[in-house]
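What follows is a short report on a single structure.
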Amino acid sequence: MKASSLLRGVLRALVYQYCRRSPVRQGKVKLVYATRRVEIHYIVEATLPGGSRITADLSDAVQRLVYFLGYYERGVTNLITRVLNAGDTFIDIGANVGYFTLIASPLVGPTGKVHSFEPVPEVFASLRRNVALNGLSNVRMNRAAVFDEDRDLEIFLPVDGNSGTGTFFKRPNAPGDSVQCPAHSLDDYVKREGIEGIRLVKMDIEGAEPFALRGMRQVLSSLHPPDLICEAVPYLLEFSGHTQADIVQFMKPFGYRCQEITDDGLAEFKYDRDRSSARDCNLYFSRTSD
């Protein structure tokens, strides 16, 4: 047991030093995932871009990336950092353990606000701990989902080792355990909370993005509509009966421009209506040209 613990510690140190110091970016994500096979539940603390701290379980896929690389989804992180300013309001839909919430909070500052939504009880508990760890007073946490209307939903719990895989649509080879959770439409939530002038919405909800979009029509058509970051994974969207094209077409009448978020910045998004040929990506919708 002691030898195994020692070897894991040496492996963690080697992977950490390589990921943080090597100028070669390619292959790091694969290395972090490959070495997870020998990992156990091991809690560490990491510092995020902007200085916030996060507790990371190295057996969890996303949290492992945050610890070893220092970030998660470089392109999305850079875009959020560029878009948000002091006094802004940020909506984090599918907050998971709080990575993007913790990135956004210091950017919007004490005059701004972050509203975070995470429906899975255990994952929400981690979000709450990370917000408390940083003493963030400008974050409003909601143990709830964002959907097309206010209602109660059944959510299937995440697979072991990836806290971000909770879903409203049962998938093959996924655990069948589920819990009930409240859901809100963003339009109704904004009205109840008296929120004005949302700057940015980030949404990563495992294929349920089209449902959440239908519940924010008023927000999207408001006088000062927010920009939107939306995960679009064909495999996950298929379980909800949608494609990437459905998301793009839904946003067009509101006057939004669609671009793909890459690690190197924004690029033209070319989607294929044949869902089998489309690739996983994050999309950026804005009403102004960059």
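If you use this note's numbering, the sequence shown corresponds to residues 33 to 322, in order.
From the three backbone atoms N, C-alpha and C, an ideal C-beta is built for every residue, glycine too.
For clarity, every value in this text was computed on a predicted model and none was experimentally measured.
Excluding the 5 residues preceding and the 5 following residue i in the sequence, name in chain order all residues of the same chain whose CB lies nearer than 7 Å to its CB.
i: T79; result: R85
i: L134; result: L80, S84, I86, N162, N166
State the Cα-Cα distance for the pair residue i and residue j, rounded to the nearest angstrom.
i: S318; j: L255; result: 14 Å
i: R172; j: G297; result: 29 Å
i: A177; j: Y48; result: 34 Å
i: L185; j: L218; result: 15 Å
i: S321; j: D304; result: Model confidence at S321 stands at a pLDDT of 48, short of 50, so the residue's coordinates are unreliable and nothing is read from them.
i: G247; j: K62; result: 37 Å
i: A93; j: A66; result: 10 Å
i: T143; j: L116; result: 12 Å
i: H147; j: S36; result: 42 Å
i: M33; j: I293; result: Reliability fails at M33, whose pLDDT of 48 lies under 50, so the model's placement of it is uncertain and no value is given.
Span of the beta strand (DSSP E) holding residue i?
i: D259; result: 259 to 264
i: A233; result: Correcting the residue identity first, residue 233 is Val in this sequence and not Ala. First-last of the beta strand (DSSP E) with V233: 230 to 235.
i: V76; result: 75 to 79
i: Y316; result: 313 to 318
i: S148; result: 145 to 149
i: I86; result: 85 to 89
Using C-beta distances below 6 Å, list every residue in its chain close to residue i, excluding the 5 sequence neighbours before and after it, in chain order.
i: G15; result: Nothing in the structure corresponds to residue 15, since the chain is present only between 33 and 322.
i: E71; result: L90, S91
i: Q281; result: none
What residues in its chain sit with their C-beta under 8 Å from that of residue i, if we drop five residues either side in the sequence?
i: G141; result: A118, G119, N170
i: G198; result: P151, V152, V155, I187, F188, L189, P190, E238
i: V108; result: F132, K234, I261, I293, N314
Counting C-beta neighbours from all protein chains within 10 Å, is the total for residue i 16 or more, i.e. buried, or is it exposed?
i: D295; result: exposed
i: P285; result: exposed
i: I230; result: buried
i: Q58; result: exposed
Since residue i is in the alpha helix (DSSP H), which residue starts that stretch and which ends it?
i: A164; result: 153 to 165
i: D182; result: No alpha helix (DSSP H) contains D182, which DSSP labels as neither H nor E.
i: T113; result: 106 to 115
Nearest chain D C-beta to residue i closer than 8 Å, yes or no?
i: V94; result: Here there is only one protein chain, and chain D is not present.
Query raised in the report: Is the segment 241 to 249 touching the segment 205 to 213, taking contact as three or more C-beta pairs under 8 Å?
Result: As far as the Cβ criterion goes, the segment 241 to 249 does not touch the segment 205 to 213, which means the pair count is below three.
Query - At least three beta-carbon pairs within less than 8 Å, the segment 97 to 112 to the segment 151 to 163 - result: Under the Cβ criterion (8 Å, minimum of three pairs), the segment 97 to 112 does not count as touching the segment 151 to 163.
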